[in-house]
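Here the structure is laid out as structure tokens; the discussion comes afterwards.
There are 2 protein chains.
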Amino acid sequence: MAKLYHFPLSPFCRKVRLCLAEKRIECELVEERYWEQDTDFLRRNPGAKVPVLRLDGKTMAESGAIIEYLEEVYPDPPLLPRTPDERYEARRLAAWFDDKFHHEVTSKLLYERVNKKVMGLGYPDSKNVKAGAQKIKYHLDYMAWLLDQRRWLAGDTMSIADFAAAAHLSALDYISDVDWNRHAVVKDWYAKIKSRPAFRSILADQIPGFPQPAHYSDLDF
Amino acid sequence: MAKLYHFPLSPFCRKVRLCLAEKRIECELVEERYWEQDTDFLRRNPGAKVPVLRLDGKTMAESGAIIEYLEEVYPDPPLLPRTPDERYEARRLAAWFDDKFHHEVTSKLLYERVNKKVMGLGYPDSKNVKAGAQKIKYHLDYMAWLLDQRRWLAGDTMSIADFAAAAHLSALDYISDVDWNRHAVVKDWYAKIKSRPAFRSILADQIPGFPQPAHYSDLDF
Ligand SMILES: N[C@@H](CCC(=O)N[C@@H](CS)C(=O)NCC(=O)O)C(=O)O
Ligand SMILES: N[C@@H](CCC(=O)N[C@@H](CS)C(=O)NCC(=O)O)C(=O)O
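In the order they appear, the protein sequences are chains Y and H.
Mapping to the UniProt record's numbering: the first sequence position 84 is 84, numbers consecutive.
Mapping to the UniProt record's numbering: the second sequence position 95 is 95, numbers consecutive.
In structure tokens form, the structure reads like this:
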């Protein structure tokens with residue numbers, strides 16, 4: 001069976017978990033405390049990052065490269081649209097979340113509030129937390145603007161753009177940092193993706209020291 | 001004609017320039033002072049980053065998504081290998097450079113020494129410069145280890161992995177921050193890619209305030 005070395009709240013790991021589950025690739029989850037950099041882990045991935053996926057006799061790192069591989073080898077169901085234009089848009093938005101949103105929001109809220117504590121790096125820097133709380137509004141507005149014109153973030157079909165976005169937002173939702181009331185259209189989108197079977201494992205995550213809030217796994221949040 | 005809004009030393013822009021040139025897509029270069037965030041620029045890319053490519057009546061951002069698009073619509077010559085395994089490896093290594101190398105090296109050396117001055121943000125932070133100078137050694141060692149077993153970084157064919165790596169290293173070479181004598185095999189690889197016609201425009205770049213060093217454009221460096 002496939003094995004995913006991951007950390008529960010890592011958005012990159014969550015994105016891969018969602019893609020694996022949508023494609024019904026069964027996968028054992030192994031929690032990896034990547035910041036401890038143990039030698040087995042470094043042997044699996046010299047990049048020293050999670051996710052690391054063991055599949056088809058290969059050990060793979062880099063979530064974007066992993067997902068393109070899955071898409072080529074396990075094309076059903078597809079997680080990229082059909083035309084080059086639409087595929088471009090899905091990839092652009094996945095990168096938007098994994099680069100820009102990650103830098104401006106996830107690293108400022110989740111990493112300050114949770115990762116620092118878990119890794120024993122001290123207290124959140126309130127300047128960062130404030131900056132992240134400010135920036136997430138602008139990203140939710142951008143999503144609302146997209147979703148006013150489209151069923152899913154990148155167009156009429158669900159794609160890696162939705163999984164990347166949902167991976168970051170679900171991790172932030174675990175610490176109640178997403179204001180779902182800001183835009184009905186964004187809340188509807190999240191309700192839709194949250195109710196997919198592929199989301200179940202993510203809704204079951206529990207982080208020691210951070211009790212899951214009630215709304216987190218509630219489909220009527 | 002296509003138009004690329006870029007900044008000369010940006011590794012993400014250089015990667016796209018190399019891919020466009022290999023595919024012989026003629027392209028006008030427009031220098032974009034992206035940190036000034038003028039409104040036309042923000043209209044073209046709400047992400048406010050370069051590169052931004054105007055091609056086929058579309059305006060595109062995110063270098064990775066742009067390159068996958070080019071690969072699908074202008075497949076000749078291919079910049080990704082043929083099998084899913086090899087394609088995975090090329091994408092993984094491109095991401096290695098654009099994520100890990102960028103974070104550990106490019107942002108610590110190039111952004112400290114050049115971008116800060118160009119943007120009027122003051123002097124390099126010597127702690128960062130030292131950290132970058134230390135880390136680049138480890139990355140050159142990793143490249144040497146790969147190139148001991150392969151003709152190109154990701155395998156037997158030149159790929160986006162080589163262009164991503166060459167984009168970062170060429171920008172660092174402009175400020176003489178690459179020790180080409182560390183590994184003959186890395187130097188040979190760079191000599192090979194540097195002598196390609198696609199590299200010419202990059203070797204002609206000039207940054208006001210930072211005179212081009214003699215070895216930079218020399219094919220016998
Ligand atoms: N580009 C990588 C990023 C993965 C990543 O940054 N993972 C974080 C956890 S969320 C990590 O392992 N960080 C450790 C490090 O950066 O050394 C991917 O897409 O897989
Ligand atoms: N993920 C983007 C990264 C591009 C990027 O970071 N570009 C830099 C210049 S090297 C930039 O525009 N930075 C401005 C910013 O981050 O706001 C890509 O691959 O195109």
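Backbone N, C-alpha and C fix where the C-beta goes; we use that ideal spot for every residue, glycine too.
Straight-line Cα distance separating residue j from residue i
i	j	result
H6 (chain Y)	K15 (chain Y)	11 Å
F199 (chain Y)	F41 (chain Y)	26 Å
residue 233 (chain H)	E36 (chain H)	Beyond the ends of chain H as shown, which are 1 and 221, falls residue 233 (chain H); an answer cannot be given.
S10 (chain Y)	D98 (chain H)	19 Å
G209 (chain H)	L172 (chain H)	16 Å
S201 (chain H)	C13 (chain Y)	38 Å
A90 (chain Y)	H139 (chain Y)	16 Å
A61 (chain Y)	R92 (chain H)	7 Å
Q134 (chain H)	H215 (chain Y)	46 Å
V118 (chain H)	I207 (chain H)	9 Å
K23 (chain H)	D148 (chain Y)	37 Å
D220 (chain Y)	N45 (chain H)	35 Å
residue 224 (chain Y)	M143 (chain Y)	The requested residue 224 (chain Y) does not occur in the structure, where chain Y is confined to residues 1 to 221.
K116 (chain Y)	E26 (chain H)	48 Å
R19 (chain Y)	A2 (chain H)	Note on identity: in this sequence residue 19 (chain Y) is Cys, with Arg being the wrong assignment. Cα to Cα, C19 (chain Y) sits roughly 34 Å from A2 (chain H).
K137 (chain Y)	F101 (chain Y)	11 Å
A184 (chain H)	W152 (chain H)	14 Å
T83 (chain Y)	I160 (chain Y)	15 Å
W63 (chain Y)	D156 (chain Y)	A small fix is needed here, since residue 63 (chain Y) is Ser in this sequence, not Trp. The alpha-carbon atoms of S63 (chain Y) and D156 (chain Y) are separated by roughly 24 Å.
S59 (chain Y)	P211 (chain H)	Strictly speaking, residue 59 (chain Y) in this sequence is Thr, with Ser absent from that position. Roughly 44 Å between the two C-alpha positions.
R150 (chain Y)	D141 (chain Y)	14 Å
A167 (chain H)	W189 (chain H)	13 Å
R43 (chain Y)	R182 (chain Y)	44 Å
L146 (chain Y)	G120 (chain H)	35 Å
E217 (chain Y)	A204 (chain Y)	Inspection of the sequence shows that residue 217 (chain Y) is occupied by Ser rather than by Glu. Going from the Cα of S217 (chain Y) to the Cα of A204 (chain Y) covers about 7 Å.
P77 (chain Y)	A131 (chain H)	44 Å
E68 (chain Y)	E68 (chain H)	10 Å
residue 293 (chain H)	D38 (chain Y)	Residue 293 (chain H) is absent from the structure shown; chain H starts at 1 and stops at 221.
M158 (chain Y)	G57 (chain H)	25 Å
R17 (chain Y)	D162 (chain H)	29 Å
L4 (chain Y)	P213 (chain Y)	25 Å
R113 (chain H)	R113 (chain Y)	32 Å
residue 233 (chain H)	L169 (chain H)	The structure shown does not extend to residue 233 (chain H), since chain H is modelled only from 1 through 221, so no value can be given for it.
Interface flag, residue i vs chain H, CB-CB below 8 Å
i	result
residue 239 (chain Y)	Not covered by the structure: residue 239 (chain Y). The range shown for chain Y is 1 to 221.
P213 (chain Y)	no
R87 (chain Y)	yes
P84 (chain Y)	yes
R92 (chain Y)	yes
CB contact check: residue i to chain Y, cutoff 8 Å
i	result
R100 (chain H)	The sequence given here places Lys at residue 100 (chain H); Arg does not occur at that position. Chain Y contact via Cβ: present.
residue 230 (chain H)	With chain H covering only 1 through 221, there is no way to say anything about residue 230 (chain H).
Supposed close pair residue i, residue j - CB separation, criterion 8 Å
i	j	result
A154 (chain H)	E86 (chain H)	7 Å
A21 (chain Y)	Y34 (chain Y)	Contact doesn't hold; Cβ gap of about 22 Å is too wide.
A94 (chain H)	A164 (chain H)	4 Å
P8 (chain H)	E28 (chain H)	No, P8 (chain H) and E28 (chain H) are not in contact; Cβ-Cβ is about 14 Å, not under 8 Å.
Closer than 8 Å to chain A by CB, residue i
i	result
E36 (chain Y)	No chain A appears in this structure, whose protein chains are Y and H.
Contact set between the UniProt domain "GST N-terminal" (1-78) of chain Y and chain H, restricted to residues whose Cβ is under 8 Å from the partner: Residues of the UniProt domain "GST N-terminal" (1-78) of chain Y that bring their beta carbon within less than 8 Å of a beta carbon in chain H comprise P46, G47, K49, K58, M60, A61, E62, G64, A65, I66, E68, Y69, E72, V73, in sequence order.
May I ask you to list, following chain order, the residues of the stretch 125-153 of chain H that have a beta carbon less than 7 Å from some beta carbon of chain Y? Y142
Would you be able to state if there are at least three C-beta pairs under 8 Å between the stretch 62-82 of chain H and the stretch 43-58 of chain Y? no
Count the C-beta pairs between the stretch 105-115 of chain Y and the stretch 174-189 of chain Y that are closer than 8 Å, then say yes if the count reaches three, no if not. yes
Can you find at least 3 beta carbon pairs, one from the stretch 121-132 of chain H and one from the stretch 185-195 of chain H, that sit closer than 8 Å? no
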